[in-house]
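Asks: In the working numbering, the protein residues as written are 147 to 572.
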Amino acid sequence: MSATLEFPLVRSSIAGVPVAELAAKYGTPTYVYDFESIERAVKDLAPFDVIRFAQKANSNIAVLDFLRQRGVLVDAVSAGEVHRAVSAGYELHGEPHPVVYTADIFDRASLDLVVEKGLHVNCGSEEMIRQLGERAPGANVTLRINPGFGHGHSQKTNTGGEQSKHGIWHENLDGALQLADRYGVTVTGLHMHIGSGADFEHLSQVGQALETIARKVGRSITTISAGGGLPTRYRSSDTQVDIERYFKIWDETRRRLQEEFGHAITLEIEPGRYLVAECGFLVAEIRAIKRMGKNLFYLLDAGFNSLARPILYGAYHPMSISPAKGGAGERETVPVVVGGPLCESGDIFTQQDGGFVCSRDLPVAEVGDFLVIEAAGAYGFVMASNYNSKPLPAEVAIYRGSHQVIRARQTNEDLTRGERLASWNG
Ligand code: LLP
């Protein structure tokens with residue numbers, strides 16, 4: 147990946163394919179993924195022994211399969227994500243574990259599945275050790291530790307510290323180890339994930355915190371995981387995180403532990419966003435343009451049903467206009483509020499944390515032009531909903547110039563699947 151990324155205001159194509167062609171062929175709104183961008187991101191992380199994709203960021207099985215073919219392993223936070231991994235061709239067993247179940251609880255379905263398949267578990271609570279120990283005594287586990295501090299791009303994505311429900315509290319380590327002993331469970335690894343979109347300074351403190359815990363656990367440790375959380379670029383001014391420097395910090399931690407324990411330690415990283423955020427584009431059509439007092443609105447056929455990050459976190463996504471009639475030359479810009487089709491005032495893409503509507507300088511456009519919401523490959527489609535009974539968008543992949551559907555747009559029949567009229571009606 148290059149250090150800077152230019153987000154243009156007028157975009158004629160995505161990965162070399164005209165936006166108008168994609169929109170005509172697949173309709174709008176559609177998520178379009180540039181798989182070569184995923185490939186570049188995988189290469190960036192090559193220094194780590196294991197890249198374990200946090201599939202919650204984008205769990206389309208074609209994405210998982212593409213990553214699998216490039217040596218990336220996967221985590222799963224639910225029985226459904228295990229099913230996705232298997233559908234994408236992952237084996238469930240091997241060294242290092244191809245699929246790891248990682249969560250703070252087992253729901254009953256996931257506990258049954260983990261026990262039945264003998265899946266490796268990363269326990270984020272003492273209760274998980276107990277429940278697994280009772281059903282699968284003698285298992286090997288890794289522990290997710292909350293180091294007492296965290297950081298994220300939003301308070302809602304900070305996963306460390308006392309306000310967070312995640313992981314085993316660092317001061318409760320002894321209790322967790324005693325519990326493991328009671329069931330003959332061996333702690334073979336440690337994992338820390340302090341949040342999503344954290345800054346480098348916070349991320350780089352995690353290695354030290356993990357090392358302290360690892361020394362307390364002792365020689366059974368053979369794997370350490372740096373978790374995910376690597377920031378990605380959402381603005382042209384954002385610079386790429388220094389992977390080399392980040393790896394070095396973790397590698398030093400790993401080496402010190404290897405020296406202490408006298409055996410090899412595998413170093414894992416567990417990114418979601420880093421692998422897929424920049425590959426994704428949500429292509430929408432401008433369906434109305436209207437003025438409300440001093441605000442000019444572009445209203446799209448995509449709303450927070452398609453991309454929830456702005457309404458949830460006040461997240462900023464770059465946007466570009468793609469003229470329907472072609473011609474991607476310079477255009478005059480105007481301050482615009484960009485909104486969606488939903489019957490809810492919060493259905494605004496240009497908003498800040500707290501729901502404050504703001505405007506963005508975007509090129510002058512017409513109804514029928516396309517608006518592309520960029521850097522939308524992570525936590526985009528996976529957090530989409532059927533609110534207002536809108537079908538989920540299609541997903542399309544582009545690789546080396548060719549493109550294909552990797553998830554069909556939902557139909558109205560999909561919307562009512564499983565529903566039935568109550569028998570006492572009439
Ligand atoms: N590992 C664990 C244990 C996690 O909980 C997460 C994210 C990751 C790895 C991957 O984090 P990443 O590298 O993608 O930052 N919906 C929010 C993000 C929630 C992240 C939840 N856990 C967003 O749209 O920003």
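Cβ atoms here follow ideal geometry from the backbone N, Cα and C, with glycine treated the same way. Fair warning: this is a prediction, and the values are worked out from it, not measured in the lab.
Which of helix, strand or coil does DSSP assign to N534?
Replies: Within the sequence shown, the letter at position 388 stands for residue 534. Of the three classes helix, strand and coil, the one that applies to N534 here is helix, per DSSP.
Asks: Under 9 Å between the Cβ atoms of A524 and G426?
Replies: Against the sequence shown, residue 524 aligns to sequence position 378. Against the sequence shown, residue 426 aligns to sequence position 280. For A524 and G426, yes; Cβs fall inside 9 Å.
Asks: If you measure from the CB of G330, is any heavy atom of the ligand LLP nearer than 8 Å?
Replies: Looking up residue 330 in the sequence shown gives position 184. Not under cutoff, so the answer is no.
Asks: Taking 9 Å as the threshold (C-beta atoms), are R361 and E406 in contact?
Replies: Residue 406 sits at position 260 when you count from the first residue of the sequence shown. Residue 361 sits at position 215 when you count from the first residue of the sequence shown. Closer than 9 Å, so yes.
Asks: Quick check on DSSP: helix, strand or coil for Q309?
Replies: By 1-based counting over the sequence shown, the position of residue 309 is 163. DSSP places Q309 in coil when its eight states are reduced to three.
Asks: Measuring only the C-alpha atoms, how far is S383 from G373?
Replies: The residue labelled residue 383 in the question sits at position 237 within the sequence shown. The residue labelled residue 373 in the question sits at position 227 within the sequence shown. Each residue's alpha carbon lies about 26 Å from the other.
Asks: Is the closest heavy atom of the ligand PLP to the C-beta of P193 under 8 Å?
Replies: With respect to the ligand PLP, the structure shown offers nothing to examine, as its ligands consist of the ligand LLP.
Asks: Cα separation between L445 and L488?
Replies: For this step, residue 445 is matched to residue 299 along the sequence shown. For this step, residue 488 is matched to residue 342 along the sequence shown. C-alpha separation (whole angstroms): 10 Å.
Asks: Assuming N268 is part of the beta strand (DSSP E), what are its boundary residues?
Replies: Here residue 268 is taken as the residue at index 122 of the sequence shown, counted from 1. Counting along the chain, the beta strand (DSSP E) containing N268 begins and ends at 266-269.
Asks: For H549, does the three-state DSSP call read helix, strand or coil?
Replies: For the purposes of this step, residue 549 is identified with residue 403 of the sequence shown, where counting begins at 1. Of the three classes helix, strand and coil, the one that applies to H549 here is strand, per DSSP.
Asks: Among all the DSSP beta bridges, which residues are the ones paired with A430?
Replies: Taking the sequence shown and counting its residues from 1, one reaches residue 430 at position 284. Answer by DSSP bridge pairing, in chain order: L517.
Asks: Give me, in chain order, the residues of the same chain whose beta-carbon lies closer than 7 Å to that of Y533; leave out the 5 immediate sequence neighbours on both sides.
Replies: Residue 533 sits at position 387 when you count from the first residue of the sequence shown. Around Y533: N451, L488.
Asks: Indicate the three-state DSSP secondary structure (helix, strand or coil) for P456 in the structure shown.
Replies: Along the sequence shown, one-based indexing puts residue 456 at 310. In the structure shown, P456 sits in a helix (DSSP, three-state: H, G or I).
Asks: Could you work out which residue in H337, E167, W315, L210 is closest to E185 when comparing CA atoms only?
Replies: The sequence position of residue 185 within the sequence shown is 39, counting from 1. Measuring from the Cα of E185, the nearest candidate turns out to be L210.
Asks: Excluding the 5 residues preceding and the 5 following G485 in the sequence, name in chain order all residues of the same chain whose CB lies nearer than 6 Å to its CB.
Replies: Looking up residue 485 in the sequence shown gives position 339. So the qualifying residues of the chain are F443, L445, D493, I494.
Asks: If I measure Cβ to Cβ from L155 and keep anything under 6 Å in the same chain, skipping five residues before and after, which residues do I get?
Replies: The residue labelled residue 155 in the question sits at position 9 within the sequence shown. Around L155: S466, P509.
Asks: Note the first and the last residue of the continuous beta strand (DSSP E) segment covering S468.
Replies: Taking the first residue of the sequence shown as 1, we reach residue 468 at position 322. That run of the beta strand (DSSP E) goes 465-468.
Asks: Rounded to whole angstroms, how far is the Cβ of L319 from the Cβ of I359, which I believe are closer than 8 Å?
Replies: Here residue 319 refers to the residue found at position 173 when the sequence shown is read from its first residue. Here residue 359 refers to the residue found at position 213 when the sequence shown is read from its first residue. Indeed, because the Cβ distance is near 6 Å, the residues count as touching under 8 Å.
Asks: Taking 9 Å as the threshold (C-beta atoms), are H339 and E416 in contact?
Replies: For the purposes of this step, residue 416 is identified with residue 270 of the sequence shown, where counting begins at 1. For the purposes of this step, residue 339 is identified with residue 193 of the sequence shown, where counting begins at 1. Result yes, Cβ atoms of E416 and H339 sit closer than 9 Å.
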